[in-house]
Amino acid sequence: MNKAQHNSGDPELGLHPEPIAASATGSLVLHGILLAVVLGWGWAMGLFHHNDWGSQGEGSTMQVSLASDALPLPPTEVNKNVLSTETPSPAPAPPTPKPVEHIDDKAIPIASKVRQQPQPQQKQQPTQQKTQKNQPQPQRDNLAHYGEQSGSAIPHGVPKHGNFGPAQVGDSDFTSMFGWYVNQINQKMSQSWNRYEVDPRTPHGTRAFIAFVIHRDGSPTNIQMDRSSGSPTLDRSCLRGAQRIDTFGGLPPAYNQSTLKVSYYCEY
Amino acid sequence: MKAHVRLLPLFLLSFLALAACPLRAQDWVHTGTNLGNQRIRLAVADFKPVGAEAQTPSLKATFDSTLQSDLAHAGLFDMVSKSMMPESRPGSPQEISINQWSSMPTNASMVTFGALAANNGRLIVYGWLFDTHNGANPQILAKQYNEAATEEMARTVAHRFADEIIYRLGGGINGISETKIYFVSSRSGSKEIWAMDYDGQNQHQVTHLGSIALSPRISPDGSRLAFAALDRGGWSIRMYSVELGRMIGFPAGVGGGSNLSPAWSSNGAKLAFSSSRSGDSEIWVASASGGGLHRVTTFRGPDVAPTWNPKTNGQIAWASGRTGLPQIYTMSEDGSSVQRITDGGYAVSPSWSPSGQFLAFSWNRKYGPGDPGGNDIHIIDIASKQYLQLTHESGSNDFPSWAPDNRHIVFERRVGHRSDIWTMLSDGTDQHQLTRSGNNFMPNWSWK
Numbered sequence: 001m002n003k004a005q006h007n008s009g010d011p012e013l014g015l016h017p018e019p020i021a022a023s024a025t026g027s028l029v030l031h032g033i034l035l036a037v038v039l040g041w042g043w044a045m046g047l048f049h050h051n052d053w054g055s056q057g058e059g060s061t062m063q064v065s066l067a068s069d070a071l072p073l074p075p076t077e078v079n080k081n082v083l084s085t086e087t088p089s090p091a092p093a094p095p096t097p098k099p100v101e102h103i104d105d106k107a108i109p110i111a112s113k114v115r116q117q118p119q120p121q122q123k124q125q126p127t128q129q130k131t132q133k134n135q136p137q138p139q140r141d142n143l144a145h146y147g148e149q150s151g152s153a154i155p156h157g158v159p160k161h162g163n164f165g166p167a168q169v170g171d172s173d174f175t176s177m178f179g180w181y182v183n184q185i186n187q188k189m190s191q192s193w194n195r196y197e198v199d200p201r202t203p204h205g206t207r208a209f210i211a212f213v214i215h216r217d218g219s220p221t222n223i224q225m226d227r228s229s230g231s232p233t234l235d236r237s238c239l240r241g242a243q244r245i246d247t248f249g250g251l252p253p254a255y256n257q258s259t260l261k262v263s264y265y266c267e268y
Numbered sequence: 001m002k003a004h005v006r007l008l009p010l011f012l013l014s015f016l017a018l019a020a021c022p023l024r025a026q027d028w029v030h031t032g033t034n035l036g037n038q039r040i041r042l043a044v045a046d047f048k049p050v051g052a053e054a055q056t057p058s059l060k061a062t063f064d065s066t067l068q069s070d071l072a073h074a075g076l077f078d079m080v081s082k083s084m085m086p087e088s089r090p091g092s093p094q095e096i097s098i099n100q101w102s103s104m105p106t107n108a109s110m111v112t113f114g115a116l117a118a119n120n121g122r123l124i125v126y127g128w129l130f131d132t133h134n135g136a137n138p139q140i141l142a143k144q145y146n147e148a149a150t151e152e153m154a155r156t157v158a159h160r161f162a163d164e165i166i167y168r169l170g171g172g173i174n175g176i177s178e179t180k181i182y183f184v185s186s187r188s189g190s191k192e193i194w195a196m197d198y199d200g201q202n203q204h205q206v207t208h209l210g211s212i213a214l215s216p217r218i219s220p221d222g223s224r225l226a227f228a229a230l231d232r233g234g235w236s237i238r239m240y241s242v243e244l245g246r247m248i249g250f251p252a253g254v255g256g257g258s259n260l261s262p263a264w265s266s267n268g269a270k271l272a273f274s275s276s277r278s279g280d281s282e283i284w285v286a287s288a289s290g291g292g293l294h295r296v297t298t299f300r301g302p303d304v305a306p307t308w309n310p311k312t313n314g315q316i317a318w319a320s321g322r323t324g325l326p327q328i329y330t331m332s333e334d335g336s337s338v339q340r341i342t343d344g345g346y347a348v349s350p351s352w353s354p355s356g357q358f359l360a361f362s363w364n365r366k367y368g369p370g371d372p373g374g375n376d377i378h379i380i381d382i383a384s385k386q387y388l389q390l391t392h393e394s395g396s397n398d399f400p401s402w403a404p405d406n407r408h409i410v411f412e413r414r415v416g417h418r419s420d421i422w423t424m425l426s427d428g429t430d431q432h433q434l435t436r437s438g439n440n441f442m443p444n445w446s447w448k
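And the structure:
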C-alpha cells in the first residue's frame, strides 16, 4: 500500500476515491459568489469612491449665502485698531477736512502735545470681544495652536490674533495721509512681540505704552517706556518687541520730516 | 456539505456587517482664525498698452501675469479678483478714478496700474501704486522702466515692480521676485545641479559632471555654488563658480571619507559640512577658500546637515544620531553649548530662518512600528520650543529652505516615485508645485 496507489482507487484494497470533486467545485463556486456579492454590494453602496468631499452619496454643492451685500466678508475678529471703520480695510476713511485750520507742513510739531494722545484713542475703542483665545490655554506638549496667538509669531504679512493697539504717530495728519504706513507699524510690532514672554498671571487687558522714533530709513530708535502696565514682564516684552525690529520700512517719500514719533501699546 | 451550507448564510451576514462600516480616507481641511483677515486689499489692474507695435500684446500679457502672480504669492495681500475690478484700464494718474476702485465691489485699499509700450525694440513701462482711501494724496509709488523688448525682460520688469511694491507695503523687507532656487534634477539622465527663478520659470542646468551631485548651496553673494559630488574618491564637497562658469578648487572638501551637506555662513566667510574622514561623520568648518579646516563635533553617531544661524553666524544647527534616531541640535560655532531641539521621532534637514528665530526641518513624529509614513515640514521657535506643522498627509516632505524674506519656504515633496520642488508661505498656506518634469530634489533658495 503505497501512496501512488492511494488515489487510483484500487478496489482490491478496499479503497474508494473520495468524491471530493463535486464538493470542491461547489465550494469554489460558493466562494466566488460570496466575493461577487461583497464587491457588488460595496460598489452599489458607493464605497468605492474617488471624491468624498461634501455630503454622503452623490455629493452636493455646499450652500453658502452672503450675510450682506458687502464684499468681502467682514473679518471675524473685531479690529481694535482705533483707525478702523465699518468698511473692512486697513486704511481709514480720511477725516472730514477742517475748514480753515490747515496744519502747515513746515511747522515743527510740539513734542509734548504729540504724546498725550492715549485718552482720545481709548474713547474710540470698539467694545472688546473676548474670544476663547484670550483665556489661558492649557499646556499641550509644545504644540503651537494653529492660528492662535499663543504660538510663535510666524512672519507673514498677517498680524496674529491678539489685542495689539495701534500706533499713535506724529501729528494727526500723518495717519490720514499715510494710513497704510501706520498699518505697517502695527503689523511689524504684532509680528515681533512675543506674547509668551509675559507672565500668565498678568490680567488680560493691561496695556504697556512705549514710545519710539522712526527715522527716514525705517529704523526705530529711542525706544522707551511711556507708561508702565504694572506688569514688569509685559513692559519688558513690549520693549524687546520694538528692539527686535530692524526696520519698519522707509518713511513715505511724501512725508517731508526726517523722523516720526510713535506711541504704541501692547495689550496682553 | 450540509455543514458548509449552514455556515454560508452566517458568513454572508458577517461580511455584510463588516462591509457596512464606512471606509473614508482622511481629508485635511485647512482652517484657522484671523488668517488673511487684515491683509492689504490690493487690486492689480491690467496695464494699458500704448502704441500699435506687434510685440506689445504678448509682452503685456507676460508682464501682467507675472506681476499678478508675484503679488499674489507674496503672502501680504488680499488680491482683488479680475471679475470685481472696474472695466476701465487706467494708464496714468490722470486717467484713474480712485472712487471706482475703493467702492464696492472692488473695495480695494491699494491699486497698481500703469502703461506699457514696446517702441523700437525697447520696452517702456510706467507703473503707479495708489492708496485709494487717500483722495488728496494717493500716490505711494511711481516707477519707470526702459529695457530691451523681450519676454525675459518683460518678466524681469514685472518682478522689479512687484519687489518695489512688496518693499514699500511689506515693512521694508526686500521682495523675492528676483531670487533663484538651486536644486538637483535627474531629468538629464544623471543627478545634476539646476537653477530656476523663484516662481519655477527659466529652469536650466548648471553643472555637467556626469556623476551624482547633491545638496547645492549658493554662496551669499551668489558667486559660488558648493555641493557634494560623487567621484572616484568618494563623496567630496566641490565648488562651482557661477561667474566663471566652471569648477574651482575647494581643498578642504576632499579629504577622505564622505563629505556631504555644505552650508555657508551668511557673511560668506565660512563653510560647514559633514565629513567622515575621522571615521565617524562629524561637522567640520572651513573658510570659504578651503583653509582653516577644523572639526567641531566629537560625539559618536552620525552628525550631518549643518546650517548656520544667519543673523549671528555664531551658531550651527544640525541633525545628530547620537541618541539613536536623528534629532535636531544647536551649538555654538566652536562646538560648545550643545542644545537639543526636538524631543523624539525622526528629525532631519534643519534650515535656519533669516530672522534667526525659527528652524524649519523635516520631522516624522511617529517613526516606528505602526508609522503611517511620511515626513512633514515643521517650523520651531528656538527660544520657546513651540512648533508648527506646515505640511499634512501629502507625501513625504523634506529638505526645507527659507527664502530671504523670511516668509516663504521651498521644499521637496515625494509622492510615490515622483519627487518635485514645492513652495509655500511660512505658515503652510499657498503650497504650489514648481517643477513638473523629471525628478527634482534638495532645493536651496538664494540669499538675494
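Chains A and B are the protein sequences, given in the same order. Numbering of the first sequence is given in the working numbering, commencing with residue 1 and proceeding in unit increments. Numbering of the second sequence is given in the working numbering, commencing with residue 1 and proceeding in unit increments. We put the CB at the ideal spot given by N, CA and C, even for glycine. Small disclaimer: the values here were computed from a predicted structure and weren't measured.
| Check | Outcome |
| --- | --- |
| Inter-residue CB distance, residue 219/B and residue 264/B (contact presumed, cutoff 8 Å) | 5 Å |
| Cβ pair residue 184/B, residue 441/B closer than 8 Å | yes |
| Beta carbon of residue 351/B nearer than 8 Å to that of residue 307/B | yes |
| Euclidean distance between Cα positions of residue 278/B and residue 230/B | 19 Å |
| Separation of residue 21/A from residue 439/B, as counted between CA atoms | 55 Å |
| Range of the contiguous alpha helix (DSSP H) that encloses residue 186/A | 179 to 192 |
| Under 8 Å between C-beta atoms of residue 216/B and residue 444/B | yes |
| Residues from the segment 181 to 193 of chain A in contact with chain B, defined by Cβ distance under 7 Å | 184, 187, 188 |
| Classification of residue 315/B by the beta-carbon crowding that lies within 10 angstroms, buried from 16 upward | buried |
| Residue 318/B to residue 403/B span [Cα, whole Å] | 19 Å |
| Interface flag, residue 198/B vs chain A, CB-CB below 8 Å | no |
| Identity of the residue in 389/B, 426/B, 287/B, 56/B nearest residue 150/B by Cα | 56/B |
| Residue 52/B burial status per 10 Å Cβ neighbour count (16 or more: buried) | exposed |
| Minimum Cβ-Cβ distance from residue 344/B to chain A less than 8 Å | no |
| Heavy atom of the ligand NAP within 7 Å of residue 23/A beta-carbon | Inclusion of the ligand NAP in the displayed structure is not the case, the ligand content being empty and no account of it being possible. |
| Residue-level contact to chain B via CB, residue 264/A, 8 Å cutoff | no |
| Residue 131/B at chain A interface by Cβ criterion, 8 Å | yes |
| Assigned secondary structure, residue 424/B (DSSP; H/G/I helix, E/B strand, else coil) | strand |
| Whether residue 206/A touches residue 215/A by CB criterion (8 Å) | no |
| CB contact check: residue 247/A to chain B, cutoff 8 Å | yes |
| Chain-order list of residues whose beta-carbon lies under 6 Å from that of residue 158/B (same chain, five-residue window excluded) | 63, 66, 67 |
| Cross-strand partners of residue 227/B (DSSP beta bridge) | 238/B |
| Alpha-carbon to alpha-carbon, residue 217/A and residue 353/B | 23 Å |
| Neighbourhood of residue 213/A by C-beta distance below 8 Å, restricted to the same chain and skipping five residues each side | 220, 221, 222, 259, 260, 261, 262 |
| Chain B within 8 Å of residue 268/A, Cβ atoms only | no |
| Whole-angstrom distance between residue 199/A and residue 125/B, CA atom to CA atom | 54 Å |
| Euclidean distance between Cα positions of residue 239/A and residue 171/B | 19 Å |
| Identity of the residue in 108/B, 323/B, 406/B, 396/B nearest residue 417/B by Cα | 396/B |
| Nearest residue (CA-CA) to residue 42/B, options 173/B, 72/B, 60/B, 375/B | 72/B |
| Sequence-distant residues of the same chain with beta carbon closer than 7 Å to residue 143/B, five excluded per side | 127, 161, 164 |
| Stretch-stretch touch, CB-based, cutoff 8 Å, three pairs: the segment 362 to 378 of chain B with the segment 329 to 347 of chain B | yes |
| N-terminal and C-terminal residue of the alpha helix (DSSP H) that residue 57/B is part of | 56 to 72 |
| Selected residue, minimal CA-CA separation from residue 267/B, among 228/B, 295/B, 223/B | 223/B |
| N-terminal and C-terminal residue of the beta strand (DSSP E) that residue 203/B is part of | Where residue 203/B is concerned, there is no enclosing beta strand (DSSP E), given that its DSSP letter is neither H nor E. |
| Status (buried if at least 16 other CB within 10 Å, exposed otherwise) for residue 87/B | exposed |
| Cα-Cα separation between residue 31/A and residue 40/A, rounded to whole angstroms | 14 Å |
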